[in-house]
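Following: one structure in structure tokens, then a few remarks.
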Amino acid sequence: MNTRPLMTLQVSVAPPQNVGAVPHGARRIAPIGGGVFDGPRLRGTVLPGGSADWLLLRADGVLEMDLRVTLRTDDGALISMRSFGMRHGPPDVIAAIGRGEPVDPAAYYFRTTPRFQTAHSAYVFLNRLLAVASGDRRADGPIYTIHELL
Amino acid sequence: MLLRLDTSPTEDVGATPHGTLSIFPVIGGSFEGDRLRGKVRAGGGDWVSGRADNALELDLRVTLETDDGALIYMTLTGLRDDARQYFRTLPRFETASPKYAFLNRLLAVGIGEIRADGPVHIIEEIL
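Protein chains in written order, with the working numbering: chain A, 2 to 151; chain B, 5 to 131.
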């Protein structure tokens, strides 16, 4: 499948809200305090209100991610982005990420599938595409490299 | 893998608050890949919503049965826009079979195609 770069998205994560053991795993919610995105066709900032990642650690060790963020482009358009993702890897690598240590993103699986919604005419192309992303979990939040599926 | 679906006549629900809903019942099919192959069980379907911008949103659920008897629940969301021949999907899998548990831990992308004998999805794992 062919892809092309859409943007890089960097978000800052506030302290998580640990909901705890729920029927499908361990739920925690990581509020997004802000961020930036930059790509050939769009760039701007992440709005903090209503942006968070709803995380579910499954019994098989896979962390399911349900990220919802609102993006504001540099020309004022609002874009709602949602992405389902998965993160997993060797226990020592995941533990190092948990301690906020720098970890080579190639050492674990961190992939997401963003979808976009916007009403702004300059960005309606985002309504009509699917995308995939690779994540790199840094101490202050993930960096997503997002590619459009062509 | 390559997934072929056999569908029965479309159930046209019509205009709903979220678009024009058509349901494509899945009555069978087959799948074949390097690590899994088998048949599609009857009983699934694709809930397709036509949007105001003429793109179609897909919401497919099927049960796969491998040639060695494992059941795999597959869901797929997708976007089809015939105006520019864009038909891409995001499949996900759930299984209790240890042999196929790798499917629980991956995301995938697919290319859809409507052939004369039914829909076909070419599915690749995101590495």
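Ideal placement from N, C-alpha and C gives every residue a C-beta, glycine not left out.
Values in this document were obtained by computation on a predicted structure and should not be read as measured data.
Query	Result
Within 8 angstroms, strictly: CB atoms of residue 76 of chain B and residue 97 of chain B	yes
Beta carbon proximity, residue 63 of chain A to chain B, threshold 8 angstroms	yes
Whole-angstrom C-beta distance between residue 33 of chain A and residue 12 of chain A, which should lie under 8 angstroms	5 angstroms
For residue 65 of chain B, the residue or residues it bridges with in DSSP	B:49, B:79
Simplified DSSP assignment, three categories, for residue 122 of chain A	helix
CA-to-CA distance, residue 41 of chain A to residue 36 of chain B, given in whole angstroms	38 angstroms
Simplified DSSP state of residue 95 of chain A, which is helix, strand or coil	helix
Same chain, Cβ closer than 7 angstroms to residue 31 of chain B, neighbours up to 5 away in sequence not counted	10, 11, 12, 46
Chain C residues whose Cβ lies nearer than 8 angstroms to that of residue 84 of chain B	Looking for chain C here will not work: the only protein chains present are A and B.
Residue 19 of chain A, DSSP secondary structure in three states	strand
Rounded straight-line distance, which links the Cα of residue 104 of chain A to that of residue 139 of chain A	8 angstroms
Euclidean distance between Cα positions of residue 62 of chain A and residue 21 of chain B	38 angstroms
C-beta neighbour in chain B for residue 138 of chain A, strict 8 angstroms	no
Near-chain B residues of the stretch 117 to 151 of chain A - C-beta to any C-beta below 9 angstroms	125, 128, 129, 130, 131, 133, 135, 150, 151
CB contact check: residue 74 of chain A to chain B, cutoff 8 angstroms	no
Beta-carbon spacing of residue 131 of chain A, residue 83 of chain B below 8 angstroms	yes
Contact set between the stretch 2 to 16 of chain A and chain B, restricted to residues whose Cβ is under 7 angstroms from the partner	2
Cross-chain neighbours of residue 90 of chain B in chain A, by beta carbon under 8 angstroms	129, 130
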